[in-house]
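Beneath this line is the structure, given in structure tokens, with notes to follow.
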Amino acid sequence: MAQGMKCRVCGYYMYAEREDDQPQGRWVYYVCQNRADKCNNREKVFEKYADRR
Numbered sequence: 002m003a004q005g006m007k008c009r010v011c012g013y014y015m016y017a018e019r020e021d022d023q024p025q026g027r028w029v030y031y032v033c034q035n036r037a038d039k040c041n042n043r044e045k046v047f048e049k050y051a052d053r054r
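In this note's numbering, the protein residues as written are 2 to 54.
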């Protein structure tokens, strides 16, 4: 599950639109939820898996 993040453009919360699992972690595609200011920022972030010991 994605960690979540805030938009670097407007500071509003972003949601994970898509997650692609990889051997060392996952690529997460985030989309800004700020509809009032029409911020269309999207980001692709690689999130490593936590140690499972």
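Note that the Cβ used here is the ideal one computed from N, Cα and C, for glycine as well.
Keep in mind it's a predicted model, so treat the numbers as computed, not measured.
In three-state terms, what does DSSP make of Arg43? As a first step, residue 43 is located in the sequence shown; it is residue number 42 there, counting from the start. Three-state DSSP puts Arg43 in a strand.
If you reduce the DSSP assignment to three classes, tell me which class Val10 lands in. Within the sequence shown, residue 10 is the residue found at index 9, counting from 1. Val10 falls in the coil class under three-state DSSP.
Let's see if you can read the secondary structure: which residues bound the beta strand (DSSP E) around Asp50? Taking the sequence shown and counting its residues from 1, the one referred to as residue 50 is at position 49. Checking the sequence shown, residue 50 turns out to be Tyr, not Asp. Careful: Tyr50 lies outside any beta strand (DSSP E) and carries neither H nor E.
On a CA-only basis, which of Val10, Gln23, Val29 is nearest Tyr16? Give me that one, please. Counting from one through the sequence shown, the residue named residue 16 turns up at place 15. When each option's Cα is compared against that of Tyr16, the closest is Val29.
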